[in-house]
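Here's the structure, in structure tokens; my notes come after.
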Amino acid sequence: MAQKKQSGNNYVFTAGMALVITLGMTAWVIIIILFKGLNFFWPGDLVLVDMENGDTYLGEVWDEKVSGNLEEDELQLKIGNRDLYGLDFIWLNERDIARKNYLENAVTLEREEYGNFYGFISSIHMGDTVYQNNLADFFDRAQEAHDVALSKAEQIREIQNELVELTQPSAEIQREIALVGISLEANTPVASKKVELLQKKLSEKEEAIAPQLASFNSTLEKLVVEDRNMFLEVADASGKIKKIALSSIVRFYQPNEMGVIRKSVHYIEKIWEFVADNPRESNTEGGVFPAIFGTVLMVLLMSIAVVPIGVMAAIYLNEYAPQGMVVRFIRLSVNNLAGVPSIVFGVFGLGFFVYVVGGSIDQLFFGDTLPEPTFGTGGILWASLTLALLTLPVVVVATEEGLLAVPRANKEGALALGATKWQMIRNVVLPNAMPGILTGLILAISRGAGEVAPLMITGVVKLAPSLALDWSFPFLHLDRKFMHLGFHIYDVGFQSPNVEAAKPMVYSTALLLIVIVVMLNLFAIYVRNNLRKKFKTATF
Amino acid sequence: MSENKKNETVVIETNALDFYYNPQTQALKNVNIIIPEKMVTAFIGPSGCGKSTLLRCFNRMNDLIQGSFIKGNIRIHGKDIYKRDVQLEDLRKSVGMVFQKSNPFPMSIWENVAFGPQVNGITNKAELNNIVESALVQGDLWREVKDRLHNSALDLSGGQQQRLCIARTLANKPDIILMDEPASALDPISTGKIEETIEELKKEYTIVIVTHNMQQAARISDYTAFMMLGELIERDETKKVFTNPTEKLTEDYITGRFG
Ligand SMILES: Nc1ncnc2c1ncn2[C@@H]1O[C@H](COP(=O)(O)OP(=O)(O)O)[C@@H](O)[C@H]1O
Ligand SMILES: [Mg+2]
């Protein structure tokens, strides 16, 4: 009996389909993220819903359940006003809805706290001046009042800072006195002498700054009172009146009467706020700037650590080590290292970098602040080094490929001219292998920038009090905790008390993370292509 | 320093030289040869007979091949170059090599020529400029590239690239230049230029050249050595080898009866 020959067509088809499905799903995820992430910043219209039972709600349409049967359709409204209702969202049955109105004077107020307020402004209070909402230019006046209030709030912050600076020296002296009190020589004559001296210095200092301190304090008091007297009276959908301090409002607008252009301007402003501002409301609102900063800085530190080590390792394996079983084994191990789960690297980072290395650094250099750890706790340096370890195999493998691609003739040419091995590597091999090295860096960045698990135990936090880079000496604070976009997604999306309100933030942050990884990669690819042009003999 | 019968100074001298790529592969068998100063010695022979291997023993390029080793010895100016105390870099500086396929570095012309002096410790820019110019003049390339010294060497034509490689070797001021089929990848015109250059260079340098082209060997060399299967069959004055060889094998080869 003739057996049917096996044709490969079925397999080709299956493999092709698998590829199409994978690509399709990836594209789908990206489209969803793009759509939802970008939609978030568009100012939604406010709808006033009157129910059959007499209730009224004002808010943005958030979601709809359309079943085809009008009786069962549902509508989700974001009604905000968390301080009044407790809930941000509500599902309404379409059949219970009597009327929907889009009123021009409905206002969205973005606040520092409690999320958005949806309602109507009824009056503006500026000290003794009160404007009622029957004025023609009422909304513009409200905006002006807001600007005034914000600049006042800025003044208050400035004066507070100056106060801190002014009292800094005396606070330091007080600290010294306290230190003497708890030191070994406390209660000795020497100590009391010291304390006396310090006390004298302190009173001199305080006397010197007294007039200025008084003037600052009085200005501050005046400003605080002024600030307290600047507020809006707003009414929610049911007419309940509430006072909202103007300085606690980030911005407010009447979405229903805004045209496309004004909405677009608003949209761009919101995106800018998102990338350039600090988060508010336990990260569910405001911007993600510290997370962007932390992500980029961490990737940079990681690159600085991983590239030299990876390249040196690859050079050693390729150019110096005698080829044989040992090198083959090492190469195999390095390749397998790439498959180790990232959390394992995290645990290693915690055990080795944080506890062993960090702990030792604290003992050696920061003994005076122990047991409060400086480097002996998670921080951006340790997280970066952990990721460097994680991405090391990628860099080693890619660099080795780059080294192998360097023409033998060029290497021999250099040696034949009397170059030492190192001179040959430096002048001929490394420049030629640069594109391979950069390929490794690109892969490392792609892997490192999106990794979250190992960071969670080596120094990432949901809210870092300060950036790792600032104007205070030594400018780069490698011991500080940091924020990270990947962790931000996890935290906002799954750990926040108000998951529904945070959802759009998750999409936007995911989009941003993708954009940043793509940008870092594009930069590295750009550099690599330039190098390729320079070394066109090399084939890679 | 030994001398041969015509009172020429011997520069390279091998003594019972065996070369193994690995214990199973012997590429050179009992090679004894002398190479006189400021002469062109050509090596001919069927491909695979060990010409390149022998050449690469003279500047110890074979050291790069893991597992290879030699027996016997090679003396250059009377000194055994496989002795432990020999500085490889110094040896390769004074025994330059031009490869079969031109191999300029992906750098500018200037950087290519200055590479040797630079790795050998010359840093003075003016001095380097002088060296580069005189090397390019000797390599007969100066007129063609003097206006674009800082362009990439990879933009030169094949023949120019090979002359650049010669100039690059000359910049090290070697006393011996090894050339492994330097013109085999070039067109006849470029080959002619290279031959002219060699003609010029032999006034100052000892040249050892491997060639598969017997006319070329006849044209440019003073001595010709014929090798086969790793053995040196015959070495004599070029005229004698081509007109009246001692060995039957040599005669068969040059009359084209095989190879
Ligand atoms: N790296 C190497 N490893 C093992 N054998 C080699 C190697 N290079 C050359 N050989 C062998 O040594 C012999 C001589 O080669 P070679 O010197 O290149 O010949 P030629 O230059 O005369 O054509 C050949 O049989 C070749 O196969
Ligand atoms: Mg050869």
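Quick mapping for you: the protein sequence lines, in order, are chains A and B.
Sequential numbering from 1 applies to the first sequence in my numbering.
Sequential numbering from 541 applies to the second sequence in my numbering.
Don't be surprised by glycine CBs; every beta carbon is placed ideally from N, CA and C.
| Item | Value |
| --- | --- |
| By Cβ distance, which residues of its chain are closer than 7 Å to Ala758 (chain B), with the 5 residues on each side in sequence left out? | Thr778 and Phe782 |
| If we count the other Cβ atoms within 10 Å of its Cβ and call it buried at 16 or more, is Glu543 (chain B) buried or exposed? | A caution first: Glu543 (chain B) carries a pLDDT of 43, below 50, which makes its placement in the model too unreliable to give a value. |
| Going along chain B, which residues have a C-beta under 8 Å from Ala409 (chain A)? | Phe639, Lys641 and Asn643 |
| Any heavy atom of ligand 2 within a distance shorter than 6 Å of the CB on Ser592 (chain B)? | yes |
| To be precise: take each residue of the segment 305-329 of chain A, compare its Cβ to all Cβ atoms of chain B, and keep it if any distance is under 8 Å. Which residues remain? | Pro322 and Gln323 |
| Give me the Cα-Cα distance between Val653 (chain B) and Lys36 (chain A), rounded to the nearest whole angstrom. | 60 Å |
| With 7 Å as the threshold, decide whether the Cβ of Gly656 (chain B) is near any Cβ in chain A. | yes |
| Relative to the alpha-carbon of Asn101 (chain A), which residue among A:Lys78, A:Asp45 and A:Leu92 has its alpha-carbon at the smallest distance? | A:Asp45 |
| Whole-angstrom Cβ separation of Asn498 (chain A) and Thr284 (chain A), contact assumed at under 8 Å? | 6 Å |
| Can you give the Cα-Cα distance for Leu48 (chain A) and Lys263 (chain A), rounded to whole angstroms? | 20 Å |
| With Phe33 (chain A) as the anchor, note down where its alpha helix (DSSP H) starts and where it stops. | Per the sequence presented here, residue 33 (chain A) reads as Ile, with Phe not at that position. Start and end: Asn9 to Asn39. |
| At a CB-CB cut-off below 7 Å, which residues of chain B make contact with Val340 (chain A)? | By Cβ distance, chain B contributes nothing, its closest Cβ being about 32 Å from Val340 (chain A), past 7 Å. |
| Can you confirm whether the segment 617-630 of chain B touches the segment 675-695 of chain B when touching is taken to mean that 3 or more C-beta pairs between the two stretches lie within less than 8 Å? | no |
| For the segment 606-619 of chain B, enumerate the residues whose C-beta is nearer than 9 Å to any C-beta of chain A, in chain order. | Gln606 |
| Check the C-beta distance from Asn712 (chain B) over to Gly636 (chain B) and give it rounded, since I have them as a contact under 8 Å. | 6 Å |
| For the putative contact between Ile614 (chain B) and Ile552 (chain B), defined by C-beta atoms under 8 Å, what is the C-beta separation to the nearest angstrom? | 7 Å |
| Work out the CA separation of Met505 (chain A) and Ile489 (chain A) for me, nearest whole Å. | 8 Å |
| What is the DSSP secondary structure of Gln6 (chain A), reduced to helix, strand or coil? | coil |
| Please report whether the beta-carbon of Ala416 (chain A) lies at a distance below 7 Å from any beta-carbon of chain B. | yes |
| Looking at His477 (chain A) and Gly294 (chain A), is the spacing between their C-beta atoms short of 7 Å? | no |
| Do you know how far the Cα of Glu281 (chain A) is from the Cα of Leu75 (chain A)? | 26 Å |
| Say yes only if the C-beta of Cys597 (chain B) is nearer than 6 Å to one or more non-hydrogen atoms of ligand 1, and no if none qualify. | no |
| To the nearest angstrom, report how far apart Arg600 (chain B) and Thr709 (chain B) are at their CA atoms. | 16 Å |
| When the Cα atoms are used, what is the spatial distance from Tyr267 (chain A) to Phe41 (chain A)? | 5 Å |
| If we cut at 7 Å on Cβ distances, does Val406 (chain A) have a partner in chain B? | no |
| Any beta-carbon of chain A closer than 7 Å to the one on Lys713 (chain B)? | no |
| Determine the extent of the alpha helix (DSSP H) in which Val265 (chain A) is found, giving its start and end residues. | Val260 to Ala276 |
| Does any residue of chain B bring its CB to less than 7 Å from the CB of Ala419 (chain A)? | yes |
| Does the beta carbon of Gln423 (chain A) sit closer than 7 Å to a beta carbon anywhere in chain B? | yes |
| Once the 5 residues before and after Gly698 (chain B) are set aside, which same chain residues still bring their CB inside 8 Å of it? | Ser642, Ala725, Leu726, Asp727 and Ser730 |
| Assuming Ala433 (chain A) and Gly402 (chain A) make a contact with CB atoms under 8 Å, what is their CB distance in whole Å? | 4 Å |
| Considering just the uninterrupted stretch of the beta strand (DSSP E) at Asp720 (chain B), what are its terminal residues? | Ile716 to Asp720 |
| With hydrogens ignored, establish whether the beta-carbon of Ala567 (chain B) is closer than 6 Å to any heavy atom of ligand 1. | yes |
| Which residues mark the beginning and the end of the beta strand (DSSP E) in which Tyr118 (chain A) is found? | Phe117 to Met126 |
| Pick helix, strand or coil for Asp368 (chain A), following the three-state DSSP scheme. | helix |
| State the CB to CB distance for the pair Ile457 (chain A) and Gly346 (chain A), rounded to an integer number of angstroms; the pair is presumed to be in contact (CB under 8 Å). | 5 Å |
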